[in-house]
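Let me begin by presenting the structure, written as structure tokens, before commenting on it.
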Amino acid sequence: MESVWDYPRPPRCEPTAKRILVRLGELVIADSNRACRVLETSHPPVYYIPPADIRMDLLEATPRQTYCEFKGRASYWTLKVGDTVLPNVAWSYEDPTPGFAAIKGYLAFYLEPLEGFVDGEKAQPQPGRFYGGWVTKDIVGPFKGGPGTQGW
């Protein structure tokens, strides 16, 4: 078991050999055993996947950008599959700060309506959808993101 309260702040970035799978229904969007996970106090892990392991033909960059005090400026991606359009469902750091160089150009995905799997286990989305962490049975909280947690 990992407690998110044992994760560091500022966050840590580490490679994972676990199989990370992202699906929309039965369509595989990403499948990787070369992802990195970012661990930050009070947050479940966020998995960043190399573009070579993602169906990039289904994604389009959007103008949306946000800024993380630790990782730098994030760019966002919209997923388009037939008539299904999921705006800003993924994000990446194209020029991250030095401590996060390992995730340069890698994409992370929000769950809902996407499904994410870690070594075959279906992950649950971090409450609140703001942070994008993936909750699995080996990760314990409480987690930041739900109502009343913004001041943590």
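Read in order, the letters of the sequence shown correspond to residues 1 to 152 in the working numbering.
Just so it is clear, CB atoms sit at the ideal spot from N, CA and C, and this is done for glycine as well.
Given the structure is predicted, the values throughout are model-derived calculations rather than measurements.
Residues near residue i in its chain [Cβ-Cβ closer than 8 Å; skip 5 each side]
| i | result |
| --- | --- |
| residue 65 | 73, 74, 75, 76 |
| residue 129 | 110, 112, 145 |
| residue 97 | 70, 71, 72 |
| residue 135 | 44, 123, 124, 125, 126, 141, 143 |
Residue closest to residue i, alpha-carbon to alpha-carbon, out of the options
| i | options | result |
| --- | --- | --- |
| residue 7 | 43, 100, 131 | 43 |
| residue 30 | 9, 11, 93, 59 | 59 |
| residue 38 | 28, 133, 1 | 133 |
| residue 88 | 131, 96, 98 | 131 |
| residue 56 | 83, 63, 22, 2 | 22 |
| residue 1 | 150, 138, 148, 151 | 138 |
| residue 18 | 86, 26, 32 | 32 |
For residue i, the residue or residues it bridges with in DSSP
| i | result |
| --- | --- |
| residue 139 | 2 |
| residue 31 | 21 |
| residue 78 | 60 |
| residue 47 | 37 |
| residue 146 | 144 |
| residue 121 | 118 |
| residue 14 | 37 |
| residue 134 | 125 |
| residue 168 | This structure gives no information on residue 168, because the portion of the chain shown stretches from 1 to 152. |
Same chain, Cβ closer than 7 Å to residue i, five either side skipped, listed in chain order
| i | result |
| --- | --- |
| residue 80 | 58, 60 |
| residue 127 | 143, 145, 146 |
| residue 34 | 50, 53 |
| residue 68 | 74 |
| residue 5 | 41, 42 |
Same chain, Cβ closer than 6 Å to residue i, five either side skipped, listed in chain order
| i | result |
| --- | --- |
| residue 70 | 10, 11 |
| residue 36 | 13, 15, 48, 102, 103 |
| residue 117 | 21 |
Handout entry: Three or more C-beta pairs below 8 Å linking the stretch 95-115 and the stretch 42-50
Key = yes
Exercise for the section: Note down, one range per segment and in chain order, each beta strand (DSSP E) of at least 3 residues found wholly within the stretch 80-116. Expected result: 84-92, 107-109
Handout entry: Stretch-stretch touch, CB-based, cutoff 8 Å, three pairs: the stretch 86-95 with the stretch 115-125
Key = no
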